[in-house]
Amino acid sequence: MSEPREAQARLSRLGRWAGPLAFLALLLVAILLVGATRTLRGDIPFGESIMHAAFNVVSIVTTTGYASDDYQLWGPFAVGAFFILTFVGGCSGSTAGGVKIYRFQILARLAGAHLSRIVSPNRVHVVLYHDRRVEDDVAFAILAFFGVMLFSLIFSTFLLAWIGVDLVTALTGSAQALANVGPGLGDIIGPAGNFQSLPDAAKWVLSAMMILGRLEFFTIFVLLTPAFWRA
Numbered sequence: 001m002s003e004p005r006e007a008q009a010r011l012s013r014l015g016r017w018a019g020p021l022a023f024l025a026l027l028l029v030a031i032l033l034v035g036a037t038r039t040l041r042g043d044i045p046f047g048e049s050i051m052h053a054a055f056n057v058v059s060i061v062t063t064t065g066y067a068s069d070d071y072q073l074w075g076p077f078a079v080g081a082f083f084i085l086t087f088v089g090g091c092s093g094s095t096a097g098g099v100k101i102y103r104f105q106i107l108a109r110l111a112g113a114h115l116s117r118i119v120s121p122n123r124v125h126v127v128l129y130h131d132r133r134v135e136d137d138v139a140f141a142i143l144a145f146f147g148v149m150l151f152s153l154i155f156s157t158f159l160l161a162w163i164g165v166d167l168v169t170a171l172t173g174s175a176q177a178l179a180n181v182g183p184g185l186g187d188i189i190g191p192a193g194n195f196q197s198l199p200d201a202a203k204w205v206l207s208a209m210m211i212l213g214r215l216e217f218f219t220i221f222v223l224l225t226p227a228f229w230r231a
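Residue 1 is where the sequence shown starts when you use my numbering, and the numbers rise one by one after that.
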């Protein structure tokens, strides 16, 4: 009986590392892909390309906000990769912004469980994370988080475009503000630019999105709910 228990204990310990391991794997894959793509385009040697890719990928994913180079010049793949990485953020418990890697993991497992439920409706589908069942309220909270973030991104992009900001700046500016990353994309707020030339109204919108993203939406929404103050 001791061997199954020891095996279960090892799996449990491994499960606790699921988030950090996924985070490190994501960083490694992104660095290699961006670095290799830049080298294949004939810009610089592979070692130097990996060094620049590592610094900028880690900076964006951890929402540090630094850039060592204008990665918009690295080709369309790098631009798309950095835009996607804007939303990632750190692990659970991290002070980094973004969505956080554990939400992506649970969302993927929820999607897999839903697909299995469609294929086999009579099966019992239990979603596990760190060897624990993902309760319905946790799953609902994560889905609600993604929904509110998407709505906020659309609303902010629309509002900035209405103010007169170009679409790339409006979209990536909204994304970086919600994720608290720093640089966006485009000639104005890209890694080689800044937000100084944006209209004051656009800066107010982005500041509001930064606060909303930093406090992860629902804290602000609760404070704005009249029923909270009557309780």
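Where is the CB? At the ideal position from N, CA and C, for every residue including glycine. Since this is a predicted model, take the numbers as computed values, not measurements.
Open item on the list: With three or more beta-carbon pairs closer than 8 Å as the criterion, would you say the region 144–160 touches the region 204–216?
Closed with: yes
TODO: Answer yes or no: do GLY173 and ILE189 have a C-beta to C-beta separation smaller than 7 Å?
DONE: Residue numbering aside, residue 173 sits at position 173 when the sequence shown is read from its first letter. Residue numbering aside, residue 189 sits at position 189 when the sequence shown is read from its first letter. Yes.
Open item on the list: Using the three-state DSSP reduction, which class does ARG41 fall into: helix, strand or coil?
Closed with: Here residue 41 is taken as the residue at index 41 of the sequence shown, counted from 1. ARG41: coil per DSSP, three-state reduction.
Open item on the list: Using only the alpha-carbon positions, how far apart do LEU167 and ALA81 sit?
Closed with: The sequence position of residue 167 within the sequence shown is 167, counting from 1. The sequence position of residue 81 within the sequence shown is 81, counting from 1. The alpha-carbon atoms of LEU167 and ALA81 are separated by roughly 18 Å.
Task: CA-to-CA distance, LEU115 to ALA9, given in whole angstroms - done: Numbered from 1 along the sequence shown, position 9 holds the residue referred to as residue 9. Numbered from 1 along the sequence shown, position 115 holds the residue referred to as residue 115. In this prediction, ALA9 has a pLDDT of 48, which is less than 50 and means its spatial position is unreliable; what the coordinates show is noted afterwards. Distance between the alpha carbons of ALA9 and LEU115: 30 Å.
- [ ] With a 10 Å radius around its C-beta and 16 neighbouring C-beta atoms as the bar for buried, classify TRP74 as buried or exposed.
- [x] Taking the sequence shown and counting its residues from 1, one reaches residue 74 at position 74. So TRP74 counts as buried.
Task: Euclidean distance between Cα positions of GLY65 and VAL181 - done: What you label residue 65 is simply residue 65 of the sequence shown in a count that begins at 1. What you label residue 181 is simply residue 181 of the sequence shown in a count that begins at 1. Roughly 5 Å between the two C-alpha positions.
Open item on the list: Which residue wins for smallest C-alpha separation from LEU178, given the options ALA53, THR63, LEU40, LEU26?
Closed with: Taking the first residue of the sequence shown as position 1, residue 178 is located at position 178. Of ALA53, THR63, LEU40, LEU26, the residue nearest in Cα terms is THR63.
Task: Close-in-space but distant-in-sequence residues of the same chain around VAL165 (CB under 6 Å, 5 per side omitted) - done: For the purposes of this step, residue 165 is taken as the residue at position 165 of the sequence shown. Excluding sequence neighbours, VAL165 sits near ALA202.
Task: Through-space distance from ILE31 to MET149, alpha-carbon basis - done: In the sequence shown, the residue the question calls residue 149 occupies position 149. In the sequence shown, the residue the question calls residue 31 occupies position 31. In a straight line, the C-alpha of MET149 is about 26 Å away from that of ILE31.
Task: Residue closest to PHE104, alpha-carbon to alpha-carbon, out of ALA141, VAL57, ALA192 - done: On the sequence shown, position 104 is the one that residue 104 refers to. When each option's Cα is compared against that of PHE104, the closest is ALA141.
TODO: Kindly identify the DSSP beta-bridge partner or partners of ARG132.
DONE: Walking along the sequence shown from the start, residue 132 turns up at place 132. According to DSSP, which records beta bridges pairwise, ARG132 is partnered with TYR129.
- [ ] Compare the beta carbon distance of VAL61 and LEU85 with 7 Å and say whether it is the shorter of the two.
- [x] Taking the first residue of the sequence shown as 1, we reach residue 61 at position 61. Taking the first residue of the sequence shown as 1, we reach residue 85 at position 85. Closer than 7 Å, so yes.
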